[in-house]
Every structure is written in structure tokens, then in C-alpha cells.
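Visitor: For the sequence shown, the numbering used here assigns the number 145 to the last residue and increments by one with no breaks.
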Amino acid sequence: MTRRRILLAAAVPLLRLQAAGVPGISIRGKLTRSADDKPALEVNHKLIALAGDEDTMLVLNDKRLAGADFEAIGHFTSPDHFEIDGIYARAMYVHKDGQRLLITYWCDVCSIRTYAPGNCVCCQKYTDLDLREHDDDQ
């Protein structure tokens with residue numbers, strides 16, 4: 008019985024690692040807010056709550072993206088809740104004029120690109136939304 012517990016205890020973390028390596032799925036809809044003012048995606052007249060890491064949440068709460076044709080890559084945690092992959096995965100896009108554009112932010116004073124809105128790390132100017140066809144910084 009003890010061996011089974013040890014094997015099970017060792018297997019659970021490995022299964023989690025395997026699940027974490029599964030590629031995310033993509034959902035697309037209108038970026039909006041839920042009744043409790045949290046980020047949501049309207050897909051086929053249904054609201055799906057969006058969640059993610061701290062920087063992802065900054066992007067989702069950026070008022071400049073409100074109403075955008077938005078695509079997110081991640082996993083459903085329940086039928087009406089979607090967890091977006093980490094900001095490092097470049098998992099958020101806007102579709103505009105037939106193009107899929109990566110969401111980035113740019114400081115034109117310091118020429119610094121970031122992937123979440125906020126003040127430039129150098130000059131403290133608030134960064135501009137800069138939708139890009141390609142991520143040339145990778």
C-alpha cells in the first residue's frame with residue numbers, strides 16, 4: 008500500500024506538467040465587461056469571463072481595447088471561464104482590417120516595447136498601444 012501511495016504521489020506532478028504542455032485553444036469575440044465589471048469575451052451572444060496573470064489582466068483592462076475583435080489563447084477552466092496563457096506566451100491578439108495583430112505597447116521616447124500597458128520603465132511616460140503584425144522583438 009505504501010508503494011502505491013509513493014508512486015501516485017510521484018505521478019501527480021508529472022501529469023500536471025504534461026497537462027501544462029498541452030497547447031492552448033483559441034477563442035475570439037468582442038472584448039467587453041461582465042455585469043460585475045470584469046473582463047469578458049462576447050462569443051455568439053454569450054459572455055465568457057477572462058482571467059490571466061497580472062500583466063494579462065492589465066491588457067484586458069486597457070480601455071483602448073474595449074470593444075475590439077479580440078482573440079485569446081489558453082484553456083477553459085469551466086464552460087464560461089477562460090484562463091489566458093501567460094503574458095510571455097504572446098497569447099492575445101486584435102483582429103482589424105483582416106489582419107491578426109499582436110497587442111504590444113511602445114514608448115516612443117525611449118524606443119522600448121512592452122507587452123502590458125503602463126509607464127515606461129525608463130522615462131515613465133505612459134506607453135502607447137501598438138498593434139503589430141509581427142513580434143520582431145522575439
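Note that beta-carbon positions come from the ideal geometry of N, C-alpha and C, so glycine has one too.
(1) Taking the alpha-carbon of S33 as reference, which of L65, R97, D62, Y122 has the nearest alpha-carbon?
(2) Below 8 Å on the Cβ atoms is my contact criterion, and I expect A123 with D44 to pass it. Report the Cβ-Cβ distance as a whole number of Å.
(3) What would DSSP say about T63, mapped onto helix, strand or coil?
(4) Consider the Cβ of C117: report whether some Cβ of chain C lies at a distance smaller than 8 Å.
(5) Output the distance between the C-alpha atoms of L72 and L54, rounded to the nearest integer angstrom.
(6) Going by DSSP, which residues form a beta bridge with S33?
(7) Looking at the secondary structure, which residues open and close the beta strand (DSSP E) in which R107 lies?
(8) Secondary structure at K70, three-state DSSP: helix, strand or coil?
(9) According to DSSP, simplified to helix, strand and coil, what is Y95?
Guide: Result, derived from the coordinates:
(1) The count along the sequence shown starts at 1 and reaches residue 33 at position 26. Out of L65, R97, D62, Y122, R97 has the C-alpha closest to the C-alpha of S33.
(2) Here residue 123 corresponds to residue number 116 of the sequence shown, with the count starting at 1. Here residue 44 corresponds to residue number 37 of the sequence shown, with the count starting at 1. Actually they do not touch by this definition, with Cβ atoms about 20 Å apart.
(3) Taking the first residue of the sequence shown as position 1, residue 63 is located at position 56. It is helical.
(4) In the structure shown, chain C cannot be found, because there is only a single protein chain.
(5) The count along the sequence shown starts at 1 and reaches residue 72 at position 65. The count along the sequence shown starts at 1 and reaches residue 54 at position 47. Approximately 17 Å between the Cα atoms of the pair.
(6) Taking the sequence shown and counting its residues from 1, the one referred to as residue 33 is at position 26. Answer by DSSP bridge pairing, in chain order: I80.
(7) What you label residue 107 is simply residue 100 of the sequence shown in a count that begins at 1. In this chain, the beta strand (DSSP E) harbouring R107 covers 106-114.
(8) Numbered from its first residue, the sequence shown carries residue 70 at position 63. Three-state DSSP puts K70 in a helix.
(9) On the sequence shown, position 88 is the one that residue 95 refers to. Reduced to three states, the DSSP call for Y95 is helix.
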